[in-house]
Amino acid sequence: MMMHLRQVSLFVTALSALLGFGQGAMASEDNLFATHCGSCHGQQTDGRIPTAIALARMNPLAVLATMETGSMQVQAQKLSIAQKRQLVEKLTGKKIAALTIPETAYCQTREAPVTPDSTIHWSGWGGSGAGLGYATGREAGLSQAELPQLQTDWVFAFPGVSQARSQPAILDDVLYIGGAEGSVTALDTHTGCIYWRVDTSSAVRGAITLARLEGDVVVFAVASNTDAYALDARSGAVIWKQRAGFHPFHSVTGTPVVAQDKVYVPLSSIEVGIARMPDHHCCISSGGVAALDAASGSVVWQTRSTLREAVKVGESAGKAVFAPSGAPIWASPTVDEARGLIYVGTGENYSRPTTLTSDAIMALRLDDGTLAWSQQMTANDAWHGGCSQMPDYAPCDDPGPDLDFGMAPMVVTAPSGKDLLLAGQKSGVVFALDPDNGGQVIWQTRVGKGSALGGIHWGMATDGVRVYVPNADRPTVIKDINPEREPTPGLYALDVLTGAVVWSVPSPGPSCKPDPSLDPRERRTALRDCLTAHSAAPTVIDGVVFAGDLYGTLRAHDAATGKILWTYDSNRNYDTRNGVEGRGGSIDGPGPVIINGRLFLNSGYGSFGQRAGNVLISIGPGAKP
Numbered sequence: 003m004m005m006h007l008r009q010v011s012l013f014v015t016a017l018s019a020l021l022g023f024g025q026g027a028m029a030s031e032d033n034l035f036a037t038h039c040g041s042c043h044g045q046q047t048d049g050r051i052p053t054a055i056a057l058a059r060m061n062p063l064a065v066l067a068t069m070e071t072g073s074m075q076v077q078a079q080k081l082s083i084a085q086k087r088q089l090v091e092k093l094t095g096k097k098i099a100a101l102t103i104p105e106t107a108y109c110q111t112r113e114a115p116v117t118p119d120s121t122i123h124w125s126g127w128g129g130s131g132a133g134l135g136y137a138t139g140r141e142a143g144l145s146q147a148e149l150p151q152l153q154t155d156w157v158f159a160f161p162g163v164s165q166a167r168s169q170p171a172i173l174d175d176v177l178y179i180g181g182a183e184g185s186v187t188a189l190d191t192h193t194g195c196i197y198w199r200v201d202t203s204s205a206v207r208g209a210i211t212l213a214r215l216e217g218d219v220v221v222f223a224v225a226s227n228t229d230a231y232a233l234d235a236r237s238g239a240v241i242w243k244q245r246a247g248f249h250p251f252h253s254v255t256g257t258p259v260v261a262q263d264k265v266y267v268p269l270s271s272i273e274v275g276i277a278r279m280p281d282h283h284c285c286i287s288s289g290g291v292a293a294l295d296a297a298s299g300s301v302v303w304q305t306r307s308t309l310r311e312a313v314k315v316g317e318s319a320g321k322a323v324f325a326p327s328g329a330p331i332w333a334s335p336t337v338d339e340a341r342g343l344i345y346v347g348t349g350e351n352y353s354r355p356t357t358l359t360s361d362a363i364m365a366l367r368l369d370d371g372t373l374a375w376s377q378q379m380t381a382n383d384a385w386h387g388g389c390s391q392m393p394d395y396a397p398c399d400d401p402g403p404d405l406d407f408g409m410a411p412m413v414v415t416a417p418s419g420k421d422l423l424l425a426g427q428k429s430g431v432v433f434a435l436d437p438d439n440g441g442q443v444i445w446q447t448r449v450g451k452g453s454a455l456g457g458i459h460w461g462m463a464t465d466g467v468r469v470y471v472p473n474a475d476r477p478t479v480i481k482d483i484n485p486e487r488e489p490t491p492g493l494y495a496l497d498v499l500t501g502a503v504v505w506s507v508p509s510p511g512p513s514c515k516p517d518p519s520l521d522p523r524e525r526r527t528a529l530r531d532c533l534t535a536h537s538a539a540p541t542v543i544d545g546v547v548f549a550g551d552l553y554g555t556l557r558a559h560d561a562a563t564g565k566i567l568w569t570y571d572s573n574r575n576y577d578t579r580n581g582v583e584g585r586g587g588s589i590d591g592p593g594p595v596i597i598n599g600r601l602f603l604n605s606g607y608g609s610f611g612q613r614a615g616n617v618l619i620s621i622g623p624g625a626k627p
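Start counting at 1 in the sequence shown, then tack on 2, and there's your number in my numbering.
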């Protein structure tokens, strides 16, 4: 399971509150859900009607709009405005007022300056369908010599959230980014003013993808509840909206990729957290990929990562066990149009018997989603978020180590001319696979001990000569399969052709080794204070690699030697361009985007003991424009 993608504690809190609705646990004046909504939304459905679980993950503004002017206005007509707001805030756990952005934050024009000749500079995870995390010198517009001139230019704050994790896309001088409160926003890269903002049905956690359709630039984003959006890049108008998931527990944390007139959407599953509920029978969902028609949004194909549906396979601790399940796809797909394939990394199974497609790199055919090949790196890995509460219920009686591929694989051409498929695993191992030989391993290099929070967590970057690898090695080990190895968090550079370590720089900070004699609660507290980790993906430009840590510090390293050239501390309060209270925190998730001489950095990731924050920071040379 990819821990950074779950937000289990928030989910369970919301779920517990929602279950209270259906059980009559709320005060009578608050029992609105059970009275007006529970008969349809209070139980699992076929996916067309969102359950209370799904509603808890939605944008409160979107839920309110549905009741006031949308499909639920008849059902909600007996509720007052105050009751609707009360219900929405209880369901989603978010205050509607906290999501308001003042009018002064908007540009004079409400349309972005997009023309038929506009250039897409950065799009999707890592900047392209290959996910390399690399901007050439011309695109980046930034050199080593200019690093000392970099300073904070403007800051945009996402309202009502504790993390900023959507990597922006850049079209000329317009930046498009998703928000954890449930939005897609178009900003001016020079000033940070808002051209337009569109509410989405739930949080947008992955990167924004841009593509041309019949000459027009379209913005593609997918909300966490699997609603995919195609938006007009100029106005933000919704061209189409389509649910990509095909199971009620499906979720999206990765980034869509566009190729061959299709939008490919990675699917994870929130059942990894739901499995901790005492009455839940584990497990019935899996990860997958959905391909949508880029022009209409219609579903072209859908593929399960387990390749088949779950069925009852036995009983354990007095409850039924279902399998196969899990193998979620947390990160973004990677397109290889030359071979007609799309590559995805998968996570652990949630139950046993396990599959050969968990903790693996899978290659699916672009046209129909069928499996071309799969290369598994950790076998028999079964685990879910409820194992600490129910250790006797399978698979928790023999839990796996939870060693996902949480990053998007990268297709890179080595200096020899040979194409390689590079992927880092939470085990702390980097693999180079042969895309022309069924994903056979060409080389593998261990850089860390590995754990449930990484090892290699979010991603890597490459300039085609070296691959730059952040190793988290946080001490969240579920099952220690490398007891002889000590954690070695830091940033590593490997030779692309051979996998040899060229250089490494340890992560600064205190030791992540809490006293083993501490009781579990004290140990958890010690771990929360221990943020020595490079967990976020890096970004590389010619001669410089940028990597952030969980303390909130971004560093620029010499790409050839690892020497630290420049440092930026984002762990502080900010005055923001949009008038929303802004705070930086841990740098986790995607790498920064460096385009046209500016660096755009997300700061804040308030999960798993990390430092909360909610800002997108524009860092540029010289004075403010």
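Beta carbons are placed, not taken as given, at the ideal position from N, Cα and C, and that holds for glycine.
Classify residue i as helix, strand or coil using the three-state DSSP reduction.
i: residue 592; result: coil
i: residue 261; result: strand
i: residue 366; result: strand
i: residue 317; result: strand
i: residue 378; result: strand
i: residue 301; result: strand
i: residue 98; result: coil
i: residue 276; result: helix
i: residue 29; result: Residue placement at residue 29 is poorly supported in this model, since its pLDDT is 33, which falls under 50; the coordinates still yield a value, given next. In the structure shown, residue 29 sits in coil (DSSP, three-state: anything other than H, G, I, E or B).
i: residue 153; result: strand
i: residue 541; result: strand
i: residue 397; result: coil
i: residue 85; result: helix
i: residue 140; result: helix
Assuming the contact rule is C-beta atoms closer than 8 Å, residue i and residue j should be a hit. Round their C-beta distance to whole Å, please.
i: residue 413; j: residue 465; result: The Cβ separation is near 14 Å, so there is no contact.
i: residue 229; j: residue 203; result: 5 Å
i: residue 599; j: residue 143; result: 4 Å
i: residue 66; j: residue 96; result: Actually they are not in contact, since the Cβ atoms of residue 66 and residue 96 sit about 11 Å apart, beyond 8 Å.
i: residue 586; j: residue 574; result: 6 Å
i: residue 535; j: residue 475; result: 7 Å
i: residue 499; j: residue 418; result: 6 Å
i: residue 153; j: residue 621; result: 7 Å
i: residue 406; j: residue 361; result: 6 Å
i: residue 353; j: residue 397; result: 6 Å
i: residue 167; j: residue 182; result: 7 Å
Return the chain-ordered list of same chain residues with a C-beta closer than 8 Å to the C-beta of residue i, the five sequence neighbours on each side being excluded.
i: residue 259; result: 126, 127, 131, 211, 265, 266, 334, 335, 336, 337 and 344
i: residue 262; result: 339, 368 and 369
i: residue 392; result: 278, 280, 319 and 398
i: residue 376; result: 358, 359, 362, 363, 364, 365 and 441
Near residue i, what residues of its chain come up, given a Cβ to Cβ distance below 7 Å and the 5 sequence neighbours on each side ignored?
i: residue 48; result: Residue confidence for residue 48 is low, a pLDDT of 42 falling below 50, so the modelled location carries little weight; the figure read from the coordinates is stated next. So no residue of the chain qualifies.
i: residue 494; result: 449, 471, 473, 503 and 506
i: residue 29; result: Unreliable placement is indicated for residue 29, whose pLDDT of 33 sits below 50; the coordinate value is still reported in the next sentence. So the list is empty, once near-sequence residues are dropped.
i: residue 303; result: 293, 370 and 371
Buried or exposed for residue i, going by 16 or more other Cβ atoms inside 10 Å?
i: residue 147; result: exposed
i: residue 273; result: buried
i: residue 489; result: buried
i: residue 310; result: exposed
i: residue 373; result: exposed
i: residue 140; result: exposed
i: residue 565; result: exposed
i: residue 216; result: exposed
i: residue 13; result: Note on residue 13: pLDDT 38, under 50, position unreliable in the model; no value is reported.
i: residue 161; result: buried
i: residue 509; result: buried
i: residue 640; result: With the chain running from 3 to 627 in the structure shown, residue 640 is simply not present.
i: residue 92; result: buried
i: residue 538; result: buried
i: residue 316; result: exposed
i: residue 206; result: buried
i: residue 628; result: This structure cannot settle anything about residue 628, because the visible part of the chain is limited to 3 through 627.
i: residue 118; result: exposed
i: residue 80; result: exposed
i: residue 411; result: buried
Could you name the residues of the same chain whose beta carbon sits closer than 6 Å to that of residue i, not counting the 5 residues immediately before and after it, in chain order?
i: residue 478; result: 453, 454 and 455
i: residue 487; result: 451
i: residue 137; result: 543 and 596
i: residue 279; result: none
i: residue 163; result: 182, 183 and 616
Among all the DSSP beta bridges, which residues are the ones paired with residue i?
i: residue 165; result: 607
Quick one: is residue i near chain B, going by C-beta distance under 8 Å?
i: residue 619; result: Structure shown: chain B not included; a single protein chain is present.
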